[in-house]
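Enquirer:
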Ligand SMILES: [Mn+2]
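Numbering (our numbering), first residue to last: 1 to 302.
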């Protein structure tokens with residue numbers, strides 16, 4: 001497989017600076033070499049150019065830095081679509097999770113042209129289903145799931161075209177444990193397939209994945225993984241802006257990747273919220289690279 005790495009040094013979606021150097025930290029953790037060791041060829045496009053926070057107007061307090069995030073997500077959408085058109089597998093390195101609107105819009109537009117349906121496995125401590133109206137912080141990294149299912153400001157929902165990028169029933173949301181009141185209502189109303197940490201504690205990850213990923217793979221033609229590193233427990237991935245106790249353990253996270261890879265429909269992956277400023281000796285980015293490798297075929301015994 002030819003893998004295309006796209007770096008998105010975005011930190012405008014969060015109040016914390018530092019996610020902008022996430023792509024560099026994952027490269028330093030040896031991403032390209034490790035993917036090549038698995039037998040893939042790798043093209044690294046480098047990073048998209050993003051205006052610095054200091055040079056921008058914050059805009060509305062309800063959706064901060066919206067115009068630059070809209071611009072960068074539109075550029076990212078084009079890059080991801082082009083990579084898929086070349087037959088490449090995009091690996092998108094973030095950057096805060098506001099990038100997911102661009103990545104998933106690119107995947108959605110590519111498959112829509114072929115009249116194919118996409119699904120998304122979304123791993124996160126949060127539901128990311130706020131809109132400018134419901135958000136308490138105005139930070140866009142809490143809004144990307146809403147945007148891709150067609151809710152929120154048109155500047156985000158129209159990236160890549162005015163259509164719903166993913167049917168909420170084709171979203172599998174795993175690991176949530178910090179969900180705002182308005183988000184709880186939206187998750188249910190929109191029919192997102194969500195699995196809280198309580199669900200995972202009670203049923204166990206293998207049972208959930210066997211059902212949820214099997215089911216998803218039967219209903220869609222291609223599956224994207226959007227991995228927010230705060231989905232894992234902060235003991236494992238401390239370098240994130242919004243850590244929440246009680247997350248996925250190391251093996252549970254790998255099992256998601258391995259199961260997704262085995263379903264045969266994985267088309268792309270993005271890793272969000274690696275923040276090296278908040279990390280301990282690059283541990284978070286090293287874990288991110290290991291998870292990407294599991295999604296791309298690495299096994300304990302082949
Ligand atoms: Mn997130």
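The beta carbon of each residue, even a glycine, is placed where N, CA and C say it ideally should be. Just so you know, these numbers come straight off a predicted model, no measurement behind them.
#1: Check whether the stretch 74-94 touches the stretch 163-173, taking contact to mean three or more Cβ pairs, one atom from each stretch, closer than 8 Å.
#2: Can you find a heavy atom of ligand 1 that lies under 7 Å from the Cβ of residue 272?
#3: Can you give, in chain order, each stretch of the alpha helix (DSSP H) that sits fully within the stretch 66-99 and has at least 4 residues?
#4: Can you tell me which of the three DSSP states residue 248 falls into?
#5: Is the stretch 6-19 in contact with the stretch 250-267, if contact means three or more CB pairs nearer than 8 Å?
#6: Considering only the beta carbon of each residue, do residue 233 and residue 221 sit closer than 8 Å?
#7: Which residue spans inside the stretch 203-253 form an unbroken beta strand (DSSP E) run of at least 3?
#8: Evaluate residue 162 with the Cβ neighbour count: other Cβ atoms within 10 Å of its Cβ, from every protein chain shown; 16 or more gives buried, anything less gives exposed.
#9: Tell me the rounded alpha-carbon separation between residue 6 and residue 168.
#10: If distances are taken between C-alpha atoms only, which option among 68, 62, 28 and 279 comes closest to residue 11?
#11: Should residue 126 be listed as close to ligand 1, given that the test is whether its C-beta is under 7 Å from any heavy atom?
#12: According to DSSP, simplified to helix, strand and coil, what is residue 152?
#13: Using a Cβ-Cβ cutoff of less than 7 Å, which residues in the same chain neighbour residue 298 once the five nearest sequence positions on both sides are dropped?
#14: Could you tell me if residue 300 is buried or exposed, where buried requires 16 or more neighbouring beta carbons within 10 angstroms of its beta carbon?
#15: At which residues does the beta strand (DSSP E) containing residue 3 begin and terminate?
#16: CB-CB under 8 Å to residue 246, same chain, minus the five flanking residues each way: which ones, in chain order?
#17: Whole angstroms are fine: how far does the CA of residue 141 sit from the CA of residue 127?
#18: Taking contact to mean at least 3 C-beta pairs separated by less than 8 Å, is the stretch 33-51 in contact with the stretch 115-132?
#19: Mind the definition here: the stretch 148-160 touches the stretch 68-83 only if three or more C-beta pairs lie below 8 Å; say whether that holds.
#20: Tell me the DSSP secondary structure of residue 48 in three-state form.
#21: Does the beta-carbon of residue 228 have 16 or more other beta-carbons within 10 angstroms, so that it is buried, or is it exposed?
#22: Hey, could you find the ends of the alpha helix (DSSP H) residue 289 is sitting in?
#23: Here's the rule I'm using: 16 or more other beta-carbon atoms within 10 Å means buried, otherwise exposed. How should residue 129 be labelled?
#24: Whose CA, out of 290, 45 and 41, lies closest to the CA of residue 271?
#25: At a cut-off of 7 Å, is residue 224 close to ligand 1 when judged by its beta-carbon and the heavy atoms of the ligand?
#26: How is the alpha helix (DSSP H) around residue 28 delimited, first residue to last?
#27: May I have the straight-line CA-CA distance separating residue 251 from residue 243, to the nearest angstrom?
Expert: Let me lay it out:
#1: no
#2: Working through the chain shown from its first residue, we reach residue 272 at position 272. Checking every heavy atom of ligand 1 against the Cβ of residue 272, one is found closer than 7 Å.
#3: 66-85
#4: Along the chain shown, read from residue 1 onward, the residue named residue 248 stands at position 248. DSSP places residue 248 in strand when its eight states are reduced to three.
#5: no
#6: On the chain shown, position 233 is the one that residue 233 refers to. On the chain shown, position 221 is the one that residue 221 refers to. No, Cβ-Cβ distance for residue 233 and residue 221 is not below 8 Å.
#7: 222-228
#8: Here residue 162 corresponds to residue number 162 of the chain shown, with the count starting at 1. It counts as exposed.
#9: The residue given as residue 6 occupies position 6 in the chain shown. The residue given as residue 168 occupies position 168 in the chain shown. Approximately 26 Å, taken between the alpha carbons.
#10: Taking the chain shown and counting its residues from 1, one reaches residue 11 at position 11. Residue 68 is the option with its Cα nearest to residue 11.
#11: Taking the first residue of the chain shown as 1, we reach residue 126 at position 126. Yes, the Cβ of residue 126 comes within 7 Å of a heavy atom of ligand 1.
#12: Within the chain shown, residue 152 is the residue found at index 152, counting from 1. The answer is coil: DSSP assigns residue 152 none of H, G, I, E or B.
#13: Within the chain shown, numbered from 1, the residue matching residue 298 stands at position 298. The answer, listed in chain order, is 38.
#14: Working through the chain shown from its first residue, we reach residue 300 at position 300. Exposed, since its Cβ has fewer than 16 Cβ neighbours within 10 Å.
#15: As a working mapping, residue 3 is identified with position 3 in the chain shown. Where residue 3 is concerned, the enclosing beta strand (DSSP E) stretches over 2-8.
#16: Taking the first residue of the chain shown as 1, we reach residue 246 at position 246. 177, 197 and 233.
#17: Translated into positions along the chain shown, residue 127 becomes position 127. Translated into positions along the chain shown, residue 141 becomes position 141. Residue 127 and residue 141: Cα-Cα distance of roughly 10 Å.
#18: no
#19: yes
#20: Locating residue 48 in the chain shown gives position 48, counting from the first residue. Coil at residue 48, not helix or strand.
#21: Within the chain shown, the letter at position 228 stands for residue 228. Classification of residue 228: buried, given that the 10 Å Cβ count is 16 or more.
#22: Start at 1 with the first residue of the chain shown, and residue 289 comes out as number 289. Unbroken alpha helix (DSSP H) run through residue 289: 283-295.
#23: In the chain shown, counting from the first residue as 1, residue 129 sits at position 129. Burial call: buried.
#24: By one-based count along the chain shown, residue 271 stands at place 271. Of the candidates 290, 45 and 41, the one whose C-alpha sits nearest the C-alpha of residue 271 is 290.
#25: Here residue 224 is taken as the residue at index 224 of the chain shown, counted from 1. No, ligand 1 has no heavy atom inside 7 Å of this Cβ.
#26: By one-based count along the chain shown, residue 28 stands at place 28. Segment 22-28, the alpha helix (DSSP H) holding residue 28.
#27: Counting from one through the chain shown, the residue named residue 251 turns up at place 251. Counting from one through the chain shown, the residue named residue 243 turns up at place 243. In a straight line, the C-alpha of residue 251 is about 19 Å away from that of residue 243.
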